[in-house]
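Residues 0 to 640 in numbering that gives the first Met the number 0 are what the sequence shown lists, from first letter to last.
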Amino acid sequence: MDLKITGIRYENIREFENVELDFANGSNDNPHHISLVQMPNGTGKTTTMNLIRTTLLGKEMDQDEVRSYQPSDFDAIEGAFEIDLVSSGEPFTLRLELDYEVGDHSYRHIKPKEVGGGDMAGHFLPNELNNVITESFVDLFVFNGELTEEFIETGSDEAENALKIVNFLNRLENQKNQIQQTVQNRQEDASVTTQQGYRNIQTRLETTEEKLEELQEKRDELEDAVEDHEETIEELEDRRQDILAENEEQLEKDKRLERKIQNLENELETATKDLLSTMRKPSRLDEDLNDDMEKLLENMKIMQLPKSTSQEFFTELSEGKNCICGREIHEEHEQEILDNAEKFLSEQDIGVLNSLKDNLRDTPDYESFDDTFEELQEKRDDLKQAEEERARLDLDDPNLNEKLDKIIEEIEEEEHAKEEKEDKLRRLKTNDKNEQAEFGLDWKNNIPLCKRKREQRKEELRKASGTVNFGKKADILEDIFEEFIEECLKSMKESQIEETNKKLERILGLSKVQVEDIDNSIKIEGRDDISEGQSLSIAYAYLSTLFEDSALDVPFVIDSPAVSIDYEKRAEVAPIISDLFDQLIIFVISPERESFVNELQSNDIQYTTIHKTDTPGKIEKHLDKDFFMDFQSEEERQEAA
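Laid out in structure tokens, this is it:
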């Protein structure tokens, strides 16, 4: 799939009365590799970016949005914005027409190779683009600067979504999501011939799904709240460290105690998990029970249980014409065989007994846990002592001590609130049967139990509609989709992280900003905060890697790519951006030229400068590189003076 932008035109759009930007390289449909468009602030860079996105998507606009493009410096009752495009060698134009009086808008599309020019009403995209040009995807190549933060922001899933979109995994997700809808449609079609009970079951299923959605929303809210508490605790700890920094001895003691507390907490967590895992084997807990299990295994061996001949063997035998001994089976023989078959186990029973026998063979011996409990208690005591000692740290200055006490009090309050929410989260999310029983949980207050209840009611619905087998096959297909998407995403993430980090090392050098993981958003290794310039560098490196080997060949349109990046880093970012796409359209302001424009690596760069004149609506356009490099806006000249 390929798409190129060969030109844009404005008619009565804000500052522009009639302006055309031509990105084509000569008379052919191939655009310049890099088209630099220098526009002073306030000239229309953001307007242009928004109009390109809107027109590509054919978005609906309300009256206020339409009228926001009406010129304020000269009269105009109508306006228009056009984009000239080429896809698979076929040129076409999208035109957005604006009626400022009515506050209305409409789209037209033009195919110059068609007879009569192919000027038709309505928005149009070639078939190969229709399923790809979505808002999320357009934001990646007509780059939405807000994505820079959202790629890295915790709780945002834009970075992972971008990976899915460029590699078409989002299409697979859409297909997966349609499976249950297909099952539902089949059920509804079948329900015409079923009893009224179908509607009751369907209502119960809908109630369960609504409850599940409610519980998941509650989980998300609690997870966000826990994150907020963690951030607040971190800020309070920083303030506490700042106060302690005025007393080096106490600060060192505080850090030592903090390390000790962290180590003890880790040891306790590991030891507790190991203990719980070990205690799940009943034979370890009770000596008599261990002996009974050994006796059961021995008796099963003596009695040769389970017998290899199953109930099903005799049932199948009764249905045949002749017995295995060669005699003909009459009706009375058939009944006798069936009656005696009940003395034998079914194949399912045999399977259960074999599984039990295997487990009994692996039964671990009884052991006492007294020493383990004692060690755990000692660690808890050490942890409590270290926490109390850390809280008692004292300073010479009474005012600082008061501030320190207040911060510690606030930290304790935040930690208490965080623990309460974590406890609620645990009850919502636990899939442990013992915990579910201990807390008295059911499908109305526990997500895993609610999911099971939903599956149970889905099964009831399928039985009522006669679509049981169809539904089971749909579940299998859904699982296949899910597993495939997860495995693909895992592999893509590993490759994406590795290649992105190589580029970041080139750009940021000693700053040592590296991607640790892509868990919805990008996680930075060992860094809680990064500068705006570093964020941009990460976004460019990430996008560069994303589109490097992609089957999607689209232009990259960006506004002010280097304004937030340090001068010394711009020279490293410029080559990365140069290699991003086959076509780049870059809107810049004059302060960005230094250490950036000259470092762009291409033999095909077009330089365009646009600036206002004293006549409202009239814009001057220059295509000279020297003019581009020397240009200063009126505001810049005034500042220099």
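Ideal Cβ placement from N, Cα and C applies to all residues, glycine included.
The beta carbon of K217 lies closer than 7 angstroms to those of L427 in the same chain, with the five residues before and after it left out.
Cα atoms of E229 and E418: separation of roughly 11 angstroms, rounded to the nearest angstrom. Taken in chain order, the whole beta strand (DSSP E) runs of length 3 or more contained in the segment 27-104 are 33-37, 77-86, 89-98. With contacts defined by Cβ atoms closer than 7 angstroms, A540 and L579 do not form a contacting pair.
In the structure shown, D623 adopts coil according to DSSP, grouped into three states. Within the segment 404-474, the complete alpha helix (DSSP H) segments of 4 residues or longer fall at 432-437, 446-464, listed in chain order. Beta-bridge partners assigned by DSSP to E19: R8. When only Cα atoms are considered, T42 and E233 end up about 43 angstroms apart. DSSP places V514 in the strand class (E or B) of the three-state scheme. According to DSSP, F555 shares a beta bridge with L583. Taking C-beta atoms as the reference points, Q37 and V572 fail to come closer than 7 angstroms.
Counting only the Cα atoms, K254 lies some 40 angstroms from I446.
Inside the segment 571-615, DSSP marks whole beta strand (DSSP E) runs of 3 or more residues at positions 583-587, 604-611, from first to last along the chain.
Between the alpha carbons of T499 and I537 lies a gap of roughly 8 angstroms. Across the structure, K175 and F480 are spaced so that their CA atoms are roughly 6 angstroms apart.
Under DSSP, N199 takes part in no beta bridge, so it has no partner. Cβ atoms of M0 and E127 come within 8 angstroms of each other, at about 5 angstroms. The Cβ atoms of H31 and Q600 lie no closer than 7 angstroms to each other.
In this structure, the CA atom of E524 is about 6 angstroms from the CA atom of V514. Comparing alpha-carbon positions, the option among D83, D72, G57 lying closest to H104 turns out to be G57. The Cβ atoms of K378 and L263 lie closer than 7 angstroms to each other. One Cα belongs to P70, the other to N199, and the distance between them is close to 60 angstroms. For D118, the enclosing beta strand (DSSP E) covers residues 118-120. Close CB contacts of K620 within its chain, under the 6 angstroms cut and outside five residues either way in sequence, are with I609 (chain order).
Taking C-alpha positions only, A570 is separated from F627 by approximately 19 angstroms. For K378, the enclosing alpha helix (DSSP H) stretches over residues 369-390. Residue environment: Q631 is assigned as exposed (fewer than 16 neighbouring CB atoms within 10 Å of its CB, all protein chains considered).
Secondary structure of D273 (DSSP, three-state): helix. Residues K3, T5, D28 of the same chain have their beta carbon placed closer than 7 angstroms to that of V85, with the five preceding and five following residues left out of the count.
Distances from the CA of K272 to each of G325, T544, T371 were compared; the closest alpha carbon is that of T371. Relative to the Cα of P615, the nearest Cα in the group N17, R8, I7 belongs to N17. Put simply, the backbone Cα of T92 is about 36 angstroms away from that of S594. Beta bridge pairing from DSSP links V165 with no other residue.
Put simply, of E414, S87, R326, I484 the residue whose alpha carbon is nearest the alpha carbon of F167 is I484.
Buried is the label assigned to T47, since at least 16 other Cβ atoms lie within 10 Å of its Cβ.
Taking S34 as the centre and dropping the five residues before and after it, the same chain places the C-beta of F22, I584, Q605 closer than 6 angstroms to its C-beta, in chain order.
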